[in-house]
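Enquirer: What follows is a structure written as structure tokens; I'll ask about it next.
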Amino acid sequence: MKIGIQQKVTDSRTLARAFAVAEMAQAQGVGINIPTMRALIDLGRTDYARTLRNLARKHDVEPTNFRLDCLCHDPSLIGDRNQTSAGLAAVRMATWVAGEAGIPAVVVPFHGRNRIEFPHESKRAQRLLAELGDEAQQVGVTLAVETDLPSDHFKTLLDGAGSDSVQAAVNTAHLCARRFDLSIAIRDLRDYLDQIQAGDVVLAPRVVPDFNVRLGRGDVDFGTVARTLRAIEFDGWFNVNAPSGDDRGQIAAANVAFVTGLFESLDWAAVKMFRAGAAAPMEEPAPA
Numbered sequence: 058m059k060i061g062i063q064q065k066v067t068d069s070r071t072l073a074r075a076f077a078v079a080e081m082a083q084a085q086g087v088g089i090n091i092p093t094m095r096a097l098i099d100l101g102r103t104d105y106a107r108t109l110r111n112l113a114r115k116h117d118v119e120p121t122n123f124r125l126d127c128l129c130h131d132p133s134l135i136g137d138r139n140q141t142s143a144g145l146a147a148v149r150m151a152t153w154v155a156g157e158a159g160i161p162a163v164v165v166p167f168h169g170r171n172r173i174e175f176p177h178e179s180k181r182a183q184r185l186l187a188e189l190g191d192e193a194q195q196v197g198v199t200l201a202v203e204t205d206l207p208s209d210h211f212k213t214l215l216d217g218a219g220s221d222s223v224q225a226a227v228n229t230a231h232l233c234a235r236r237f238d239l240s241i242a243i244r245d246l247r248d249y250l251d252q253i254q255a256g257d258v259v260l261a262p263r264v265v266p267d268f269n270v271r272l273g274r275g276d277v278d279f280g281t282v283a284r285t286l287r288a289i290e291f292d293g294w295f296n297v298n299a300p301s302g303d304d305r306g307q308i309a310a311a312n313v314a315f316v317t318g319l320f321e322s323l324d325w326a327a328v329k330m331f332r333a334g335a336a337a338p339m340e341e342p343a344p345a
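As structure tokens, this is what we get:
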């Protein structure tokens, strides 16, 4: 498993700064956020893929995904034909550039106005994901679908797409906000799981969930998340998707250190258990 951070965590508007902060924070990868449809214009630049490859080599940091937050401003993949045309174009452009730049995944979030709430919206999303998944497979890119649906509905959505290139991105903050058991959700989705989008959230009665919180300071039980990922032998990307950091990158570094510490403590606990077992005296065989 590898630890990455999303560009928004680095508080960087430029790719160069995002890669530099990711390196300083000792992240192994950085995901590129596409916050608006206007930001897609950059992806159309002829030198964009080459720029990403050069930055990856310079900083020894892998580009892990394009995250299409721009889809959440409209019913981009759940609406009627007029409403989904721009969303389809956005996913297609990101998929093509990802293939050119060697980026393994495009994160397709179903939140905000693009949130699936009714069966007919799920059916539309399945149909469009099936179409987009076939195209993604041709260029070797995974569409990592992110939603706060219950895991059985989530699996139905992915199965309906009918493509091995359409997988799941589990967002810890959004699932926690729905009061789902993260361990159960991750285990249910283990055969579909492409990546973790790790955020935290503060929950309180009769109050809107607060997602503006650093990892470990909210209600997400990251210890359980880490143990579950170890148990299912997850080997994908664990992408920190926490609030924006600061110009010096200290918050980004703190979030990465928190995640690194989680998994190191699990590894150390496993070593201690192994040593304790090896040191235990063997029992005498019972007399015949």
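Heads up: the sequence shown at position 270 corresponds to 327 in the numbering used here, and the numbers run straight through without jumps. Glycine included, C-beta positions come from ideal geometry on N, C-alpha and C.
Return helix, strand or coil for Asn-298, following the three-state DSSP convention.
Expert: Translated into the one-based positions of the sequence shown, residue 298 becomes position 241. Residue state, collapsed to three classes: coil.
Enquirer: Determine the DSSP secondary structure at Met-339, reduced to helix, strand or coil.
Expert: Residue numbering aside, residue 339 sits at position 282 when the sequence shown is read from its first letter. Because the pLDDT at Met-339 is just 49, under 50, the model does not fix this residue reliably, and the point stays unresolved.
Enquirer: Is Gln-254 near Val-165, with beta carbons less than 8 Å apart?
Expert: Taking the sequence shown and counting its residues from 1, the one referred to as residue 254 is at position 197. Taking the sequence shown and counting its residues from 1, the one referred to as residue 165 is at position 108. Their beta carbons are not under 8 Å apart, which means Gln-254 does not touch Val-165 by this criterion.
Enquirer: Let me confirm a value: Gln-224 is counted as buried when at least 16 other C-beta atoms fall within 10 Å, else exposed. Which label applies?
Expert: By 1-based counting over the sequence shown, the position of residue 224 is 167. Buried, because 16 or more other Cβ atoms sit within 10 Å of the Cβ of Gln-224.
Enquirer: Could you spell out the range, first to last residue, of the beta strand (DSSP E) harbouring Thr-199?
Expert: Position 142 of the sequence shown, counting from 1, holds the residue named residue 199. From DSSP, the beta strand (DSSP E) with Thr-199 extends over 199 to 203.
Enquirer: Out of curiosity, what's the CA-to-CA distance linking Pro-207 and Asn-228?
Expert: Taking the first residue of the sequence shown as position 1, residue 207 is located at position 150. Taking the first residue of the sequence shown as position 1, residue 228 is located at position 171. If you take the alpha carbons of Pro-207 and Asn-228, they lie about 12 Å apart.
Enquirer: Here's a check: name, in chain order, each residue in its chain whose Cβ is nearer than 7 Å to the Cβ of Phe-320, leaving out the five neighbours to either side.
Expert: Locating residue 320 in the sequence shown gives position 263, where the first residue counts as 1. Closer than 7 Å at the Cβ level, and outside the excluded window around Phe-320, lie Ala-283.
Enquirer: Ser-144 by DSSP, collapsed to three states: which one?
Expert: By one-based count along the sequence shown, residue 144 stands at place 87. Note on residue identity: the sequence assigns Gly, not Ser, to residue 144. Of the three classes helix, strand and coil, the one that applies to Gly-144 here is helix, per DSSP.
Enquirer: Return the chain-ordered list of same chain residues with a C-beta closer than 7 Å to the C-beta of Tyr-105, the five sequence neighbours on each side being excluded.
Expert: As a working note, residue 105 is residue 48 in the sequence shown. Closer than 7 Å at the Cβ level, and outside the excluded window around Tyr-105, lie Asp-99 and Val-154.
Enquirer: Our contact map puts Gly-88 next to Lys-59 with C-beta atoms below 8 Å; I'd like the distance itself, whole angstroms only.
Expert: What you label residue 88 is simply residue 31 of the sequence shown in a count that begins at 1. What you label residue 59 is simply residue 2 of the sequence shown in a count that begins at 1. Their Cβ separation, rounded to whole angstroms, is 12 Å, which puts Gly-88 and Lys-59 out of contact at 8 Å.
Enquirer: Compute the distance between the beta-carbons of Leu-112 and Leu-72, then report whether it is under 8 Å.
Expert: The residue given as residue 112 occupies position 55 in the sequence shown. The residue given as residue 72 occupies position 15 in the sequence shown. Yes, the pair counts as a contact, with Cβ atoms nearer than the cut-off.
Enquirer: Which parts of the stretch 231 to 269 are runs of the alpha helix (DSSP H), unbroken and 4 residues or longer, counting only runs that do not cross its ends?
Expert: 239 to 245
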